[in-house]
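A quick write-up on the structure given underneath.
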Amino acid sequence: MSRGATRINSKQSPPELSATAVKRSSKGAVQSKTGVASKWSSYLGHHRESFYESLSRLIGAPIQSFMTAAVVAIALALPATLLVALNNFAQLGQSWEVNPKISVFLNVRARATAMEQLIAEIKTYTDVAQVDFLSPEQALQDFQQFSGFGEALSSLEENPLPATIIVTPSVGAMAPDRLRALADKIAASAIVEEVSMDMAWVRRLQELMALGKKVVLALASLLGIGVLLVIGNTIRLAIENRRDEIVVSKLVGGTNSFVRRPFLYSGLWYGLLGGGLACCIVMAGYLVVEPSVARLAALYQSEFDLQGLGFTGAIQLMALSAGLGLCGAWLAVSRHLSDIEPS
Amino acid sequence: MSMIEFSSVSKRYPSGQEALSGVSFAIGAGEMVFLTGHSGAGKSTLMKLIMLMERASTGQVVIGGRNINRLSSGRVPYHRRQVGVVFQNHQLLFDRNVFENVALPLRVAGYQSREVGRRVRASLDKVGLLHKERHNPITLSGGEQQRVGIARAVVNKPPILLADEPTGNLDPELSAEIMNLFMQFNAVGVTTLIASHDLALVRRINKRVLTLAQGSLVHDGYLAELQTEEFEL
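Going down the list, the protein sequences come from chains A and B. Counting from 1, one number per residue, gives the positions in the first sequence under our numbering. Counting from 1, one number per residue, gives the positions in the second sequence under our numbering.
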């Protein structure tokens, strides 16, 4: 120890109560010379440290970590599965080939040039995919062929059927209000007698989808709050377990954000792990259900193809879960960390 | 220039107990002072005021020329980095080795890891425990644990060193060793305040002594001037 004493006496300058003291001391030069850059790099350093340290704590208690992550995963997998099912349902709806066609019945006295003009105009509309013209003669032929009134019709002196334009809206224009707007625009033409379309199915499907989405959203919100609470509680326990460390850190000058950081990273990890597990659950469900759906579709001669979560969906689920984990940890930390003060 | 200055400082706890009443004194930069008095006399409260674990109810506590009563809670950690503290119960963490315990003040202050290693080893070398850096503090003796606590208190070279009963649980020989360490730090300019009721030791070192009794400062001077009976209150 006497060796240590001579070292202190010979090498160290007396410390003073200011930052400059650090600068003047020969050994402190490295620390304070670079100022902001050094602070920034040490800030990043602690982030990196907290990142790995919280991960190693997670791995260090695998069963507990897994249980927390599993609860998170189950809570998230349920609404995620429902959402996937809903999307498939919507896709199924579109493949029913009940795409609405707008039938535009023209005035019987309309001139051919006016009709051609109207057709050309309709073709320029952005919401229109295809325009077909059905002349009165064609209409009559079709009617005779399919209605079974052939004999009766041929006895008529005059063709009672009007010329018809059949408009197929583009896929993007399937929303009821856009269809309605399109129909109104066409009806404004002077030679148009009547516009008719069947929108009931569109409405029904839309309403069903909206309802389904609301239910899924409500369920997801509730389960999301559950995830927040589960992660919050796990972090609360972690804070309790590390009370001594927090107290000592605060005693030696640790800031609140320094003390908070590892716990926030723990929350993030729980969220990510839970989100990953949730993706696995949804994918497992897909693998179980997919062959049956494919066989069923084959029986109906449908080309329906069951969609899974997809890459984007999985990323979104993970991000959501990580966000929830972070928020849960934040709640716990802001609630409990300030209570722990050295005394 | 005084490093620690108390002006009519009182501390009343929410329970109504008045731990300090009207305490005034000044400790110059580089001075070494002992704080004595019976347990409950207010020694710990006084130390807590200096490191802002508590705030004065009335009066001013000025550290290094700054009135710390007005320090916002966000600035408290930075204030604590200027004050090294040695606790009677060490406050060591048993989930990490000696090196990591000593490194904690540097880690919270954001030192680069190369710098941390260098400073921690220098600090452990001073207290003679360099060879135990990989040990868990729980495997060390009481005296060694106390020395780890001292190494941690001085590792970031604070201008002020506080020690609350640092020799409380140690035998006389170890106590003398610990005191010797404090004197070494004081010799390089660290303002040192040591709370102790080991009067024999305090007398032998013969530095300025502040004596508290029931929250009031009853003596400020050298122990030789003081009759032993005054301590047996």
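Glycine residues also receive a C-beta, built at the ideal position from the N, C-alpha and C atoms.
Cβ distance (whole Å) where residue i is taken to contact residue j below 8 angstroms
i      : j      : result
B/N53  : A/S343 : The question names Asn, yet the displayed sequence has Met at residue 53 of chain B. 7 angstroms between Cβ atoms; contact.
A/V282 : A/T81  : 5 angstroms
B/L162 : B/V33  : B/L162 to B/V33, Cβ: 10 angstroms. No contact.
B/L170 : B/A151 : So it is not a contact: roughly 16 angstroms between Cβ atoms.
B/V209 : B/V202 : 6 angstroms
A/L251 : B/R80  : 7 angstroms
B/R55  : B/N69  : 6 angstroms
A/A120 : A/G274 : Between A/G274 and A/A120 the Cβ distance is about 58 angstroms, and since that is not below 8 angstroms, they are no contact.
Residue i: first and last residue of the uninterrupted beta strand (DSSP E) it sits in
i      : result
B/S39  : Looking at the DSSP string, B/S39 is not in any beta strand (DSSP E), and its letter there is neither H nor E.
B/E5   : 2 to 12
B/S24  : 18 to 28
B/I138 : It is not in any beta strand (DSSP E) - B/I138 carries neither H nor E in the DSSP assignment.
B/V155 : Run containing B/V155: none; DSSP gives neither H nor E here.
A/F105 : 102 to 106
A/P169 : 164 to 169
B/A213 : 208 to 213
B/L217 : 216 to 222
B/I63  : 58 to 63
Closest by C-alpha distance to residue i, when choosing among the options
i      : options                        : result
B/L71  : B/Q91, B/K43, B/A153, B/I50    : B/I50
A/R178 : A/E158, A/E157, A/R203, A/P160 : A/R203
A/F105 : A/S65, A/A190, A/S155, A/N88   : A/A190
A/L351 : A/K123, A/E194, A/A75, A/S257  : Shown here, chain A extends from 1 to 343; a query on residue 351 of chain A therefore has no answer.
B/S35  : B/P166, B/F185, B/S57          : At residue 35 of chain B the sequence reads Leu, which differs from the Ser that was named. Minimum Cα distance to B/L35 is reached at B/P166.
A/P162 : A/V128, A/S103, A/T168, A/Q130 : A/S103
A/Y270 : A/T234, A/F89, A/R243          : A/T234
A/L228 : A/K123, A/L268, A/G285, A/A314 : A/L268
A/A139 : A/S155, A/I165, A/G254         : A/I165
B/L93  : B/P105, B/Y222, B/I68          : B/P105
B/F25  : B/S15, B/F6, B/G84, B/Y13      : B/F6
A/S207 : A/A187, A/V230, A/P176, A/A188 : It is worth fixing the name first, because residue 207 of chain A is Glu in this sequence and not Ser. Considering only alpha carbons, the answer is A/P176.
A/N87  : A/I119, A/V71, A/G308          : A/G308
A/G253 : B/N156, B/T191, B/L199         : B/N156
B/G168 : B/A153, B/L181, B/V190, B/A195 : B/A195
B/I4   : B/I160, B/A187, B/N186, B/F182 : B/I160
A/A129 : A/N107, A/S155, A/P100         : A/P100
Cβ of residue i within 8 angstroms of any chain A Cβ
i      : result
B/L170 : no
B/Q112 : yes
B/P105 : yes
B/M32  : no
B/A109 : yes
Cβ of residue i within 8 angstroms of any chain E Cβ
i      : result
B/A151 : In the structure shown, chain E cannot be found, because the protein chains are A and B.
Within-8 angstroms CB hit, residue i to chain B
i      : result
A/G254 : yes
A/P342 : yes
A/Y43  : yes
A/E53  : no
A/E245 : yes
A/V36  : no
A/L237 : no
A/S344 : For residue 344 of chain A there is no data in the structure shown, the boundaries of chain A being 1 and 343.
A/H46  : yes
A/K39  : yes
Residue i - containing alpha helix (DSSP H), residue span
i      : result
A/S292 : 256 to 299
A/I119 : 112 to 124
B/P77  : 76 to 80
A/T346 : Shown here, chain A extends from 1 to 343; a query on residue 346 of chain A therefore has no answer.
A/S249 : 243 to 251
B/D125 : 113 to 126
A/H47  : 36 to 60
B/Q184 : 172 to 187
A/A183 : 176 to 187
B/L104 : 98 to 108
B/V190 : Per DSSP, B/V190 belongs to no alpha helix (DSSP H) and is neither H nor E.
Against chain A, which members of the segment 77 to 98 of chain B pass a CB distance test of less than 9 angstroms? Residues passing the 9 angstroms Cβ filter: P77, Y78, H79, R80, R81, Q82, V83, G84, V85, F87, Q91, L92, L93, F94, D95, R96.
Looking at chain B, which residues of the segment 258 to 288 of chain A have a Cβ within less than 9 angstroms of any of its Cβ atoms? F258, V259
Going along the chain, which residues of the segment 49 to 62 of chain B sit with their C-beta nearer than 8 angstroms to a C-beta in chain A? M51, M53
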